[in-house]
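Protein chains: 2
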Amino acid sequence: MNICAELLHRQIKAIFEAWGMAGEHVEVTVQMMLAADLRGIDSHGVATLALYDQFRLAGKLTLNPEIKIVRQSPVTALVDGGGGLGHFPSVQAMNLAIEKCAAHGMGAVAVRNSNHFGAAGVYALRAAERGFLGLATTSVWRPGVVPTFGAEPMFGTNPIAFAAPARRNASFCLDMASSTVAIGKIKLAALHQQPIRSGWAMDDQGHSITEAEEAMKHLCLTPLGGTPEMSSHKGYGLGAMVEILSTMLPGASFAATRTRRDPQAERYNVGHFFLAIDPSAFRQEGEFETDLDDMIDALHAMKRADENQPVLVHGELEQAHYAERSQHGIPISPELANSIRSVAEACGAPYLLTKGPNSKVQSTEH
Amino acid sequence: MNICAELLHRQIKAIFEAWGMAGEHVEVTVQMMLAADLRGIDSHGVATLALYDQFRLAGKLTLNPEIKIVRQSPVTALVDGGGGLGHFPSVQAMNLAIEKCAAHGMGAVAVRNSNHFGAAGVYALRAAERGFLGLATTSVWRPGVVPTFGAEPMFGTNPIAFAAPARRNASFCLDMASSTVAIGKIKLAALHQQPIRSGWAMDDQGHSITEAEEAMKHLCLTPLGGTPEMSSHKGYGLGAMVEILSTMLPGASFAATRTRRDPQAERYNVGHFFLAIDPSAFRQEGEFETDLDDMIDALHAMKRADENQPVLVHGELEQAHYAERSQHGIPISPELANSIRSVAEACGAPYLLTKGPNSKVQSTEH
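Protein chains in written order, with my numbering: chain A, 16 to 381; chain B, 16 to 381.
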């Protein structure tokens, strides 16, 4: 079924309120989750509710965190997320980076003591919407990616998002895990009892495996590249770069050693990094956007390997999803609907996604 | 034969002087080329002399370029390289970024109207040597990497280098092309008439090929990932990100459209991007380095897939090479020696690498 954004908004909000989450946190967190769903990043929107509930039940989540700017300069800042979900402090951090960028040409803000922040791309895009280049990275609460030649996970899927503003075209927006594939792809294969590609995941001895359920059990993803022969050391290096920016720079917790040394740690202390750069500090007004449009146009016009398969530019598929889903709603599978219902029932929140297959109608009533 | 750095320095210097390159440009360019050779990055040191000679003979190189700071703010600057080799303006640009970073916590400098700058990692490391995080990216004079689903090269091998300072360990230093493999690997296979791996390169129809000489002819490398199933769209996106930072931000030339629209362009107008970030703007003195050492130690101590194959951390292999080659010289193959001899003879420079197999002895005379 397709659920319109506004109804889904009310559903998530009802759950967060039942959890006792603070008011302004509810609003911003729901918005960032829906931004992911609207852009087609299904794994990082409402589908994460069950994970957040799991954090909450395990006592790993502060629901009314105090967000603090620990220190700052005209172009840098360190933010403490207070142990809650990552969306709210991350929006504040990216906004702060954007403000500093507007005033000085560049701004960087790192966040510590945070948690899962949803889709990295939606933060990078906030900078592009203001005419700036945006970078967003995050570490992850648990390790799931195995360095080249290793046999245990040391990094999270450590995503990198980079956005840049064009004019005629959609903003460029790369949003990628530094693993070969995101966990979602393996989960999906396990659900459909299909094998996964060789090179996506390993067992706990460092051997490539193709059985999806086993891969979910071990959670030993390969870094981008997949195998040493295909340069997995590059994906491993990118994962390490993201960890340095997101964990060591703000002083968050390195999950691989935390899980060993302090498995009962009160909070996961996940970290993020946000950077905004103003192209007009380098170019005359509008030149950057014109040149970027020129690059994107050239990519669209290039020779194809298969006439029926266009070359895509990062961000445009998500923009198309946004247009489609803003109008026709967000597809919610029966499994996801059940999961949302369970989360709602467990905290006594109303379940709102019920009125027949076309729940879009319902939303327009309110 | 092994040639000591000092003799190789004199050899390259003699050639640059015969070309009529300006004095301070000679010194810095040679230093950056040797820094690559000493760190074991053989493809980006003295081996590039023949390419630079080719640029010179084609009239694509200004030998006495005027390097200008076009505009700057306390934390940003745009540098014009004057149409010469990239090493000299890049050292100036990274130094400027480091100065700004020392004063304000962060500095970014973009360079336009430049050319090949050697190994990206040696610039990023300059920041790490000052205690800062360093990022260096560059576009390339000609396209050689094919976007996912495409059948013609649109980006250069667009490298990303990222360095960060540790204390007990070598500085972390990732230095990677955004293609699956660097061109050098395919060149080497062609030289030894060996096949290349499927997924490294394509023909001009977008089909994977394994014949190395054919791959060199087409110069259609795959982006990191190799195939769509192994997420080559991520490598493609990283290549685009590097192009945006290195070409669109400074206003350099996008090679894929330049070669079509202006094949006779007087200069290649390659661009670079340099960023330095001071960890002490975020953390207390020494905390960042301690946490990075902790991460590196954990990577060294992790469970291995093969007991005899240690897990490596980016930058340490290069540091080991540096220690070895500073003492025992830089290995120069007979083919490379011949190429250097040809370049020297063509411009009337003396050829200095001649005195027997152990030329190291010669260098100590001076």
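A virtual CB, placed ideally from N, CA and C, is assigned to each residue, including glycine.
Just so you know, these numbers come straight off a predicted model, no measurement behind them.
Within 10 Å of its beta-carbon, does Ser357 (chain B) have 16 or more other beta-carbons around it, so buried, or fewer, so exposed? Exposed: under 16 other Cβ atoms inside 10 Å.
Can you round the beta-carbon distance between Pro243 (chain A) and Thr163 (chain A) to whole angstroms, since I take them to be within the 8 Å contact cut? 6 Å
Just checking: is the beta-carbon of Met317 (chain A) within a distance shorter than 8 Å of some beta-carbon in chain B? yes
Look up His329 (chain A) in the DSSP assignment and say whether it is helix, strand or coil. In the three-state scheme derived from DSSP, where H, G and I count as helix and E and B as strand, His329 (chain A) is classed as coil.
Is Ser88 (chain B) close to chain A? Criterion is C-beta to C-beta, closer than 8 Å. yes
Count the CB pairs spanning the region 183-199 of chain B and the region 234-252 of chain B that are closer than 8 Å, and state whether there are at least three. yes
Considering only their Cβ atoms, is the gap separating Ala33 (chain B) from Ala364 (chain B) smaller than 8 Å? yes
Ser186 (chain A) to Gly330 (chain A) span [Cα, whole Å]: 7 Å
Along chain A, in chain order, which residues have C-beta atoms closer than 9 Å to that of Phe164 (chain B)? Arg319, Ala320, Asp321, Gln324, Pro325, Val326, Leu327
Cutoff 8 Å: Thr6 (chain B) Cβ touching any chain A Cβ: Lying before the first or after the last residue shown, residue 6 (chain B) is absent from chain B, which here runs from 16 to 381.
At which residues does the alpha helix (DSSP H) containing Gln46 (chain A) begin and terminate? Note, Gln46 (chain A): alpha helix (DSSP H), 38-53.
In DSSP terms, what Val160 (chain A) is bridged to: A:Phe170, A:Leu236
Give the DSSP-derived three-state secondary structure of Lys28 (chain A) in the structure shown. helix
Determine whether the Cβ of Ser374 (chain B) lies closer than 8 Å to any Cβ atom of chain A. Confidence at Ser374 (chain B) is low in this model, with a pLDDT of 46, below 50, so the placement of that residue should be treated as unreliable; the coordinate-derived value is given next. Judged by the 8 Å Cβ criterion, Ser374 (chain B) is not in contact with chain A.
Please classify Thr91 (chain A): does DSSP put it in a helix, a strand, or coil? strand
Could you give the C-beta distance for Val124 (chain A) and Val94 (chain A), rounded to a whole number, given that I count them as a contact under 8 Å? Their Cβ separation, rounded to whole angstroms, is 6 Å, which keeps Val124 (chain A) and Val94 (chain A) in contact under 8 Å.
Given a limit of 7 Å on CB to CB distance, which residues of the region 107-128 of chain A reach chain B? His119, Gly120, Met121, Ala123, Ala125
Whole angstroms is fine: what's the gap from Leu150 (chain B)'s alpha carbon to Phe289 (chain B)'s? Approximately 6 Å, taken between the alpha carbons.
Straight-line CA distance for Gly55 (chain A) to Pro325 (chain A)? 19 Å
Could you name the residues of chain B that Lys249 (chain A) contacts, counting a contact when the two beta carbons are closer than 7 Å? Met191, Leu239
For Ala270 (chain B), which residues in chain A fall below 8 Å Cβ to Cβ? Simply none; closest approach about 10 Å.
Quick check on Ile82 (chain B): does DSSP put it in helix, strand or coil? coil
Just checking my contact of Ile82 (chain A) with Gly98 (chain A) at CB under 8 Å: how many whole Å lie between their CB atoms? No, Ile82 (chain A) and Gly98 (chain A) are not in contact; Cβ-Cβ is about 10 Å, not under 8 Å.
Less than 8 Å separating the beta-carbons of Val257 (chain A) and Thr91 (chain A)? No, they are not a contact pair.
Proximal residues of chain B, C-beta to C-beta of Gly266 (chain A) below 9 Å: Phe297, Arg298, Gln299, Glu302, Phe303, Asp306
Kindly indicate the opening and closing residues of the beta strand (DSSP E) around Leu297 (chain A). The displayed chain sequence assigns Phe, not Leu, to residue 297 (chain A). Segment: none, Phe297 (chain A) is in no beta strand (DSSP E) and carries neither H nor E.
Please list, in chain order, all residues of the same chain as Tyr337 (chain A) whose beta carbon is under 7 Å from its beta carbon, the five residues on each side excluded. Leu53, Arg54
What three-state label does DSSP hand Arg127 (chain A) in the structure shown? strand
Three-state secondary structure (DSSP) of Phe147 (chain B): coil
Please report whether the beta-carbon of Glu380 (chain B) lies at a distance below 8 Å from any beta-carbon of chain A. Confidence at Glu380 (chain B) is low in this model, with a pLDDT of 34, below 50, so its placement is unreliable and no value can be given for it.
Closest Cα partner of Lys318 (chain A) within the set B:Asp321, B:Ala316, B:Pro168, B:Asn173: B:Pro168
Which residues in chain A have a C-beta closer than 7 Å to the C-beta of Met256 (chain B)? List them in chain order. Phe177, Leu189
Does DSSP put Arg275 (chain A) in a helix, in a strand, or in coil? helix
Kindly indicate which residue of A:Cys362, A:Glu228, A:Ile113 has the alpha-carbon position closest to the one of Arg145 (chain A). A:Ile113
Using beta carbons (cut-off 8 Å, strictly below), is Thr91 (chain B) in contact with chain A? yes
Where does Gly38 (chain B) land, buried or exposed, given buried means 16+ other C-beta within 10 angstroms? exposed
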